[in-house]
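Novice: A single structure is presented below for examination.
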Amino acid sequence: MKVKASAPSNIALIKYMGKSNVLGNLATNPSISYTLPHLCSHVELEVVSESSDRWEALPGEQYYNFEMSEKGRAKFLNHLQMLKDYFSLSVNLVVRSANQFPSDCGIASSASSFAALTQAVYELARMSQGDARLKAKKASTAELARLSRKGSGSSCRSFFGPFCEWDGDKIEALSYGVELDQLHHMVVLSSSSRKLVSSSEAHVRVKSSLSFENREQRTVERLKECKKALSDKNWPELFETCWAEFWDMHSLFETSRPSFGYMEPSSLKVLAFIKEVWRTEGTGPVVTMDAGPNVHLLFKNSDGNLAQKLKKQLEVDYKVLSSFDSLKSQKFIEKR
Ligand code: DP6
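In this note's numbering, the protein residues as written are 7 to 342.
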């Protein structure tokens, strides 16, 4: 028996950074993200008569080559075991996964792949008999999101869109009309150097920063600002809120003991370029950065021409991945 599921990635505007409980990934602060439907992960589960579960790459020309580290595999298979226990599934499985975006593109695949794994186990339980089927019948999307959070925090936001708010056990969709619900997304790959501190490690280390003490308060305030800017369709205000937020997170990194960081000279160049766009054009993209050197840009729907223009300019110096590109994901959607 085989089941397949897929899930999109997401980019946080108000960041999840710091955990009140590492077990179960309970965040110290609320967050908001925009879901990225053009960047998906896929998971296939096959029931096998083997003595344990194992992972392998999902083959298919529609996917990008991808290998999971030993640590990554262990985290993924632990999550699978937790889900099997939850749904009372006593079968062993080969879990195959792949992404529709390149692994070096600055998009963390953990949100989309943990969400896809959670969805796939749920589908398997739905097709099973007995307890598993009963448990699956009762599981709402919010419940699946909460289960997924236990594997990787940010994955819980991939169950909802176009925007998603995650605050403790509350994980829900937010929508603000076509202009804001259908943003153009771009990630500027300003560096290809290897990440020295994983985001899971960053969650632990930021607690040593003196600025961490008021972090929750600041995010609660900024989350309100972010939702208000979205409701008022106040794009410049949204830009300012998101700009302050990613700098807040990056300054936590730099003020940790020992300090660490992801910002590179090339990231700063891209940020300065975008600031200049806002000054000269009177508009521009919302900017954010995750735990990495790459710069994410979100353009409102009506700024499509500006997005295309900036993409061309940025491509002179950097690799740019955008929702305009004919990614393998789009090929996959056509095939279906
Ligand atoms: C910087 O969800 O990757 O991207 O829960 O340990 O798996 P774990 O962490 P993860 O953290 C993501 C952190 C972030 C900000 C965000 O997505 O909100």
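Heads up, the beta-carbon is just placed ideally off N, CA and C, and yes, glycines get one too.
Note that this is a predicted model, so its numbers are computed, not measured.
Which residues end up in the neighbourhood of ligand 1 when you take C-beta atoms closer than 5 Å to any of its heavy atoms?
Specialist: Taking each Cβ in turn, the ones that pass are A18, K21, Y22, N31, S37, S116, S158, G159, S160, S205, S206, D296, A297.
Novice: Take S308 and list the residues in its own chain whose beta-carbon comes closer than 8 Å to its own, dropping the five residues that flank it on each side.
Specialist: One-based indexing of the sequence shown puts residue 308 at position 302. So the qualifying residues of the chain are E185.
Novice: Tell me, to the nearest whole angstrom, how far the beta carbon of W61 is from that of V97; I am working on the premise that it is less than 8 Å.
Specialist: What you label residue 61 is simply residue 55 of the sequence shown in a count that begins at 1. What you label residue 97 is simply residue 91 of the sequence shown in a count that begins at 1. Contact flag wrong, Cβ pair sits at about 16 Å.
Novice: What are the partner residues of P14, as DSSP defines its beta bridges?
Specialist: Residue mapping note: residue 14 aligns to position 8 of the sequence shown, counting from 1. Note: P14 sits in a beta bridge opposite C46.
Novice: Using three-state DSSP, classify K25 as helix, strand or coil.
Specialist: Within the sequence shown, residue 25 is the residue found at index 19, counting from 1. Correct three-state label for K25: strand.
Novice: Below 8 Å on the Cβ atoms is my contact criterion, and I expect A13 with C46 to pass it. Report the Cβ-Cβ distance as a whole number of Å.
Specialist: Numbered from its first residue, the sequence shown carries residue 13 at position 7. Numbered from its first residue, the sequence shown carries residue 46 at position 40. Yes, they are in contact, since the Cβ atoms of A13 and C46 sit about 6 Å apart, within 8 Å.
Novice: Quick one: grab the DSSP three-state call for R342.
Specialist: Here residue 342 refers to the residue found at position 336 when the sequence shown is read from its first residue. Note that R342 has pLDDT 31, beneath the 50 cutoff, so the model's placement of it is unreliable and the number below is only indicative. Note: R342 maps to coil in three-state DSSP.
Novice: Compare the Cα-Cα distances from S215 to each of L189, F266, E178 and report the closest residue.
Specialist: Stepping through the sequence shown from its first residue, residue 215 is reached at position 209. Nearest C-alpha to S215: F266.
Novice: Under three-state DSSP, which class holds M88?
Specialist: Position 82 of the sequence shown, counted from the start, is the residue given in the question as residue 88. It is helical.
Novice: Can you have a look at E171 and say buried or exposed, based on whether 16 or more other CB atoms are within 10 angstroms of its CB?
Specialist: The sequence position of residue 171 within the sequence shown is 165, counting from 1. Its Cβ being crowded by 16 or more others within 10 Å, E171 is buried.
Novice: Restricting to runs no shorter than 3 residues, where is the beta strand (DSSP E) found entirely within the region 211-244?
Specialist: Listed in chain order, nothing qualifies, since the region 211-244 has no complete beta strand (DSSP E) run of 3 or more residues.
Novice: Who are the Cβ neighbours of L51 in its own chain at under 6 Å, not counting the five residues just before and after it?
Specialist: Here the question's residue 51 lines up with position 45 in the sequence shown. V9, L99, V101, A126, L130.
Novice: Can you say whether M23 is buried or exposed, counting buried as having 16 or more other CB atoms within 10 angstroms of its CB?
Specialist: If you number the sequence shown from 1, residue 23 lands on position 17. Flag for M23 reads buried.
Novice: Can you give, in chain order, each stretch of the alpha helix (DSSP H) that sits fully within the region 49-123 and has at least 4 residues?
Specialist: List check, alpha helix (DSSP H) in window: 76-92.
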